[in-house]
Ligand SMILES: [Zn+2]
């Protein structure tokens with residue numbers, strides 16, 4: 039669990055997650071197809087750590103996971119790699 043909100047935060051509130059900033063934008067309502075119930079989502083603005091492009095992501099009030107990257111760099115289950123991966127091997 040990353041964070042749990044009891045009520046929507048104020049627009050402009052910054053949520054920091056693992057060094058990445060998420061700015062709260064607005065509440066969005068959506069209707070679940072499975073039971074027709076209306077649910078509230080929190081919409082966040084952040085920047086892709088790979089290319090710096092801003093993107094939006096929506097979460098429920100109970101945030102279990104956050105999208106880290108823009109659509110272009112998003113890949114399911116993929117972790118963010120360090121900017122430079124240097125593999126060094128010693129010559130014998
Ligand atoms: Zn990107």
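Numbering (the numbering used here), first residue to last: 39 to 130.
We put the CB at the ideal spot given by N, CA and C, even for glycine.
Cutoff 7 Å; reference residue i; Cβ partners in own chain excluding five residues on either side
i	result
residue 64	49 and 81
residue 55	40 and 104
Limits of the beta strand (DSSP E) - the one that residue i falls within
i	result
residue 85	76–85
residue 30	Outside the modelled stretch of the chain, which goes from 39 to 130, sits residue 30, for which no answer is possible.
residue 40	It is not in any beta strand (DSSP E) - residue 40 carries neither H nor E in the DSSP assignment.
residue 91	Looking at the DSSP string, residue 91 is not in any beta strand (DSSP E), and its letter there is neither H nor E.
residue 104	Segment: none, residue 104 is in no beta strand (DSSP E) and carries neither H nor E.
residue 51	Segment: none, residue 51 is in no beta strand (DSSP E) and carries neither H nor E.
Residue i: CB within 7 Å of a non-hydrogen atom of ligand 1
i	result
residue 59	no
residue 113	no
residue 91	yes
residue 110	yes
residue 76	no
residue 107	yes
residue 66	no
residue 12	No statement about residue 12 is possible, as the shown extent of the chain runs from 39 to 130 and does not include it.
Cβ-based neighbour list, residue i, same chain, cut-off 6 Å, excluding 5 preceding and 5 following
i	result
residue 61	52 and 83
residue 101	40 and 41
Residues of its chain near residue i, where Cβ-Cβ distance is below 8 Å and the 5 sequence neighbours each way are ignored
i	result
residue 77	67, 68, 69, 70 and 98
| Would the stretch 87–94 and the stretch 70–77 be scored as touching if the rule is three or more Cβ pairs under 8 Å? | no
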